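A quick write-up on the structure given underneath.
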Amino acid sequence: MARFLSTIKGLSLVSVALSSPLTPHIYARHNGSTPCAQVGASIATQKAAVPTVPAQLAYECITSIPFNQSAALALVDGVVPYFKWQSNTAWLKDPPAEYAEKVQPAVDIWGGLEGIRGKVLGGDYENEFEFGFELYTLLQSTHDGHFVFVPDVVGTVFNYARPVPLVSVSSDGKELPKPYVYADVLAESLGNSSFTPSPITKINGQNSEDFLENWAQYGSLQDRDALYNNVFYELATVSLGPVGSGIGTFAGSGRGRWPYPGATTELEFANGTSRSYQNFAKVLIPFDGITDGESLYKLWFTGNQPTPSAGPAPSNSSTPTPTPTPTASATPTAIPAPGYPPPVIREIHNLIGGYYLEDEYSDVAVLSVPSFVGIDAQEAFQSTAEKFLAAAKAAGKKKLVVDLQANGGGTILLGYDLYKLLFPSGLGHAAADRTRAFESIDLLGKKFSEVAEGLPRKYVTEEENETLWVLENDVVSSLLNYQTDTDTQGKNFPSWEAKFGPAPPLKGDNFSNLFRWNLSDVLTPFNSGGIYIHGYGPLSNYTQQPFAAEDIVVVTDGYCASTCTIFSELMRQRAGVKYISLGGRPREGITQAVGGVKGTNNWPWSYIQAVAQYAVQELSTPEEGAQLNKTELGDYWNNIPFERSTIGNAINVNFRDGLRDADLPGASDVPLQFVYEAAECRILYTKAMTVDVTAIWKAVADTTWGGKSHCVAGSLGGYGTKMAKRELTAEDRVLSKRMKAWRRELRIQDYPLDVRTDLRNLKLMGDGIMWP
712 MARFLSTIKG LSLVSVALSS PLTPHIYARH NGSTPCAQVG ASIATQKAAV PTVPAQLAYE
772 CITSIPFNQS AALALVDGVV PYFKWQSNTA WLKDPPAEYA EKVQPAVDIW GGLEGIRGKV
832 LGGDYENEFE FGFELYTLLQ STHDGHFVFV PDVVGTVFNY ARPVPLVSVS SDGKELPKPY
892 VYADVLAESL GNSSFTPSPI TKINGQNSED FLENWAQYGS LQDRDALYNN VFYELATVSL
952 GPVGSGIGTF AGSGRGRWPY PGATTELEFA NGTSRSYQNF AKVLIPFDGI TDGESLYKLW
1012 FTGNQPTPSA GPAPSNSSTP TPTPTPTASA TPTAIPAPGY PPPVIREIHN LIGGYYLEDE
1072 YSDVAVLSVP SFVGIDAQEA FQSTAEKFLA AAKAAGKKKL VVDLQANGGG TILLGYDLYK
1132 LLFPSGLGHA AADRTRAFES IDLLGKKFSE VAEGLPRKYV TEEENETLWV LENDVVSSLL
1192 NYQTDTDTQG KNFPSWEAKF GPAPPLKGDN FSNLFRWNLS DVLTPFNSGG IYIHGYGPLS
1252 NYTQQPFAAE DIVVVTDGYC ASTCTIFSEL MRQRAGVKYI SLGGRPREGI TQAVGGVKGT
1312 NNWPWSYIQA VAQYAVQELS TPEEGAQLNK TELGDYWNNI PFERSTIGNA INVNFRDGLR
1372 DADLPGASDV PLQFVYEAAE CRILYTKAMT VDVTAIWKAV ADTTWGGKSH CVAGSLGGYG
1432 TKMAKRELTA EDRVLSKRMK AWRRELRIQD YPLDVRTDLR NLKLMGDGIM WP
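Mapping the sequence shown onto my numbering, position 90 (from 1) lands on 801, and the numbers just tick up by one.
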């Protein structure tokens, strides 16, 4: 049981199987039948692993599903227990003025859900999709990337896409950026012609920049400049393959795959020309036996649907478990990273990699970290970082660029570990955590703590003692045990009541007392996917700092979320490292470097259900269980939210808020999610940066240590010492030749235009991750 449920917490069963290349073509309309029957007839003639149909036909099919009032009411009521675990609903309803002005408006989650319930009772929905999309949009409108529920009707059957990814670039690094068709930029950069791309002025008859800013709001981030960047093709996101946001939300990747984009996309250019593209939909399920919207509903939306591929389906078993180590595939396949130079070392899925720059930049090493996720195991991530930093120092590198573009987070303790690799003597925290304080958490904490008090706190392997291993893994190491974590003074809590509180109310809501990770906890491997943290436990002898703080700079595209924000809080607040933000909307001024969810822990709904059932069934006597079932814990036996969710997509809440430490500037009781923080410098993307990532790294190095600022807002003046001008070593000269040969070999066909998010088979590990 424990092995099976090791997939529940910190792991979503999602897929990274690369989809077949999509070739846009004109689709023949099958006449004389319903839209859903036409979809079935069309895909029956296609050999592609993931067939496609025109977007309009898919939309006509999905909106032909009749609205089921009783089922919709059951779903709305079924999500209520899980909404209670969302940590920041009070702040979403009443955010700080600066957040509401610069970031996102207020959202009343409970009021919105009640409004949807009222419309369900009134029969106000035209079809099932209208209902499902409004429920999805309610959570999406929070722009809390951890808070997500995608109803089946929104994402199980179709993913929408445009066949034309775009980029937003400045002509000279100073002028405000304009949107371009990415294929045009590739043709200019790598083609053998004198072709000059023309910027897009209108999309579907609307000013292009207005259209793109509005479309950006479908993304998962909260910062509007980060959202704008996520609309476009970006080398870092493409390097993650289908587990990232691919070629941008405009082209149907990330969360741009769920809103209907219309039948066509019409582009008008500054040179007076125009182009029209037919939008399409990927068909994700077989259409055998489907003749119309009603039969589609009966087959796929009634809880007994056939599953086409592995997805994050909840278990009916009841044993919870912390972050597990998944089974590695027998022959993992390397994911290509177009536009990236030959690495010194890299993890096979491009989750982390180390690079050197050449010639006058030979002092510079680059650690690229587009994710803190573990795919096969966490050890590969940790060892890659450790080996590269050691190699860079041995090679005489003096400066380090940390590139966090596209980083949606991953495993929380990997973020702490990378910080401690860079700053082994640095204080191991910059913020504390808290949860909402309500009945379910209180009851579970009491039960888990009661059981844990009778067990030793020791790390054992499954081979040593399987029974104890299960209990240590599932109960003793759980955050629901007060002996896990410390208070803000680094002391152990004496009881569950001391940890739970509640603290004095804020904004009419109750919260736990503040707590922090205990990085020296002997049970750390249970919560980290198997690793210890550098500077603690078996790694306590790691003490040598590889680079001074002023010799490190971090660059982001704003897509820094969850674990990435924890790492960034440590780097900025404790180590004093400066941050550079890239791109952003075509507006003057500085932008934020950290634009994703700053909540510190996402919990899958399936894990919440599992711990509730486990407490009732396995940790209680029959009499105790019967009493607990009369409380809120009795609400977690309902499987409707899981049966009605999109196959292959995570269902999460933001379980913990992060609150800046009291000794740091800007400390308050406001969750970091709602704190606006500008970068030290903003650099605009250029065309070269969309083809060769080293163009970004060199601009960052120039700005930080080269005496040549590329900042269009902000400044790094006085930060760090300049790069040394030294005679190149033999190794430097070899690298220079290698880099020049790599650039000569770059070809247009190296840059895929069809990398879209597909989360249906691969086991991704993460307890602090924003799913794309």
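For glycine and all other residues, C-beta sits at the position ideal for the given N, C-alpha and C. The model shown is predicted, which means the values in this text are computed figures rather than measured ones.
Counted as a single uninterrupted DSSP element, the alpha helix (DSSP H) harbouring alanine 1091 occupies residues 1089-1105. Here glycine 1004 is buried: its Cβ has 16 or more other Cβ atoms, across all protein chains shown, within 10 Å. Secondary structure of proline 1167 (DSSP, three-state): coil. Nearest neighbour of valine 1187 by Cα position, chosen from Leu1129, Gly1165, Leu1281, Leu1464, turns out to be Gly1165.
If you look at glutamate 1261, you'll find it isn't in any alpha helix (DSSP H); DSSP assigns it neither H nor E. Here DSSP, grouped into helix, strand and coil, assigns valine 942 to coil. In this structure, leucine 1078 places its C-beta atom within 8 Å of the C-beta atom of alanine 1096. With fewer than 16 other Cβ atoms inside 10 Å of its own Cβ, glutamine 917 counts as exposed.
Within the same chain, and ignoring the five residues on either side of glutamate 899 in sequence, the residues whose Cβ sits closer than 8 Å to its Cβ are Phe906, Thr907, Pro908, Lys1398. Taking 8 Å as the upper bound for CB-CB distance, threonine 1274 and alanine 1304 are not in contact here, some 15 Å apart.
The beta carbon of leucine 1439 is closer than 8 Å to those of Asp1070, Ser1073, Ser1447 in its chain, skipping five residues each way along the sequence. Residue state for isoleucine 914 is assigned as strand, using DSSP reduced to three classes. Boundaries of the beta strand (DSSP E) around threonine 763: 763-765.
Of Tyr1193, Arg1147, Ile1046, the smallest CA-CA separation from arginine 1168 is found for Tyr1193. The shortest C-alpha to C-alpha distance from glycine 967 to any of Tyr1387, Leu938, Leu946 is the one to Leu938. Of the residues Val875, Leu897, Asn1313, Ser1420, the one whose Cα lies closest to the Cα of threonine 960 is Val875. Under the three-state reduction of DSSP, aspartate 1220 is assigned to strand. Going by beta carbons, alanine 1378 and arginine 1371 fall inside the 8 Å limit. In this structure the segment 1147-1154 does not touch the segment 1289-1300; the number of beta carbon pairs closer than 8 Å is below three. Here serine 1206 is exposed, its C-beta having fewer than 16 other C-beta atoms within 10 Å. In the DSSP assignment, valine 880 falls within the beta strand (DSSP E) that extends over 877-880. Ranked by how close their Cα comes to the Cα of alanine 1323, the residues Asn1184, Tyr1347, Leu832 have Tyr1347 in first place. Assignment of alpha helix (DSSP H) within the segment 1393-1441, counting only whole runs of 4 or more residues, yields 1405-1416 in chain order. In the three-state scheme derived from DSSP, where H, G and I count as helix and E and B as strand, glutamine 989 is classed as strand.
Take the alpha-carbon of isoleucine 1059 and the one of threonine 1044: they are about 7 Å apart. Shown here, tyrosine 1130 sits in a helix according to DSSP, grouped into three states. In this structure, Thr1276 is the residue among Asn1365, Leu803, Ser1356, Thr1276 with its C-alpha nearest to the C-alpha of glutamine 1116. Alanine 927 sits in a helix when the DSSP states are folded into three classes.
Look at the beta carbons and you see the segment 1349-1365 touching the segment 855-869: at least three pairs across the two are nearer than 8 Å.
Of all alpha-carbon atoms in Ala1103, Cys1392, Gly1418, Gly843, the one lying nearest the alpha-carbon of valine 1075 is that of Ala1103.
Of all alpha-carbon atoms in Val761, Ile754, Thr800, the one lying nearest the alpha-carbon of arginine 1471 is that of Val761.
Counting along the chain, isoleucine 820 sits inside the alpha helix (DSSP H) bounded by residues 820-832.
For isoleucine 1242, there is no enclosing alpha helix (DSSP H), as DSSP gives it neither H nor E. In the DSSP annotation of this structure, the continuous segment of the alpha helix (DSSP H) that includes tryptophan 1207 starts and ends at 1207-1211. For aspartate 1144, the uninterrupted beta strand (DSSP E) segment begins and ends at 1142-1145. Annotated three-state conformation of proline 972 is coil, per DSSP.
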